[in-house]
Ligand code: TRP
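In the working numbering, the protein residues as written are 17 to 245.
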């Protein structure tokens with residue numbers, strides 16, 4: 017029944033024709049799906065039935081109208097509930113789908129709330145051992161993720177947000193734990209992060225400040241290949 021609610025609005029996605037009434041209705045169904053995604057007793061079956069895939073058409077919409085913002089945010093909530101479980105099976109499932117590019121696009125173009133949930137999903141994927149390996153497996157993947165993180169940093173210079181700075185720093189720090197990715201970060205870590213532009217914000221969050229310091233320490237080491245044995 018919940019799935020029918022979701023599929024029922026596909027025809028309103030493109031061209032965008034979702035009314036706020038229809039959006040509210042499908043988001044109520046999605047809220048129930050979020051419970052299925054977060055509860056241990058239902059999560060496996062939820063993945064096995066590939067329910068998240070049915071949300072992807074909603075997540076790929078680009079309309080800035082309220083009903084669409086609400087729909088995307090609620091779908092992200094389901095994805096967020098899944099990854100919050102820290103279950104490697106969830107990450108394994110997500111890596112087999114195209115959720116990463118979808119999240120990256122929302123991190124680029126979404127509103128602050130959507131960006132926050134989208135980067136939360138990416139952060140959870142990165143924190144997983146297999147997830148980090150997957151993203152760092154090809155230069156293209158690494159580059160796609162870092163390009164969006166870098167753009168978010170530049171955006172933060174204009175529009176400060178602790179809610180976003182924290183997961184951004186966490187994502188960079190996690191990437192720096194991967195040998196090849198660290199070499200990439202040495203080249204591409206954006207200037208505002210190196211310049212201490214966010215120090216005043218970090219002053220209010222010692223944990224993130226510590227991660228930031230560790231990140232800068234790592235990227236300031238000389239390239240790995242010239243370190244003598
Ligand atoms: N199928 C794509 C790939 O494997 C998925 C993808 C697109 C992707 N952009 C990405 C994965 C960025 C990780 C990061 O490359």
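The C-beta atom is built at its ideal place from N, Cα and C for all residues, glycine as well.
The alpha carbon of residue 212 has as its nearest neighbour, out of 122, 142, 143 and 232, the alpha carbon of 232. The three-state reading of DSSP puts residue 127 in coil, since its state is none of H, G, I, E or B. Residue state for residue 193 is assigned as coil, using DSSP reduced to three classes. Assigned with DSSP and collapsed to three states, residue 178 falls in helix.
Cα atoms of residue 154 and residue 86: separation of roughly 34 Å, rounded to the nearest angstrom. Distances from the alpha-carbon of residue 125 to those of 234, 64, 164 and 82 put 164 closest. Every alpha helix (DSSP H) stretch that sits fully inside the segment 39 to 78 and reaches 4 residues is listed by chain position as 56 to 64 and 72 to 75. Between residue 138 and residue 131, the CB-CB gap reaches or exceeds 8 Å.
The set of residues with a C-beta under 5 Å from any non-hydrogen atom of ligand 1 comprises 116, 117, 157 and 160, given in chain order. Looking at the backbone, the Cα of residue 76 and that of residue 240 are separated by about 39 Å. Contact between residue 19 and residue 70 holds: their C-beta atoms lie close to 6 Å from each other, under 8 Å.
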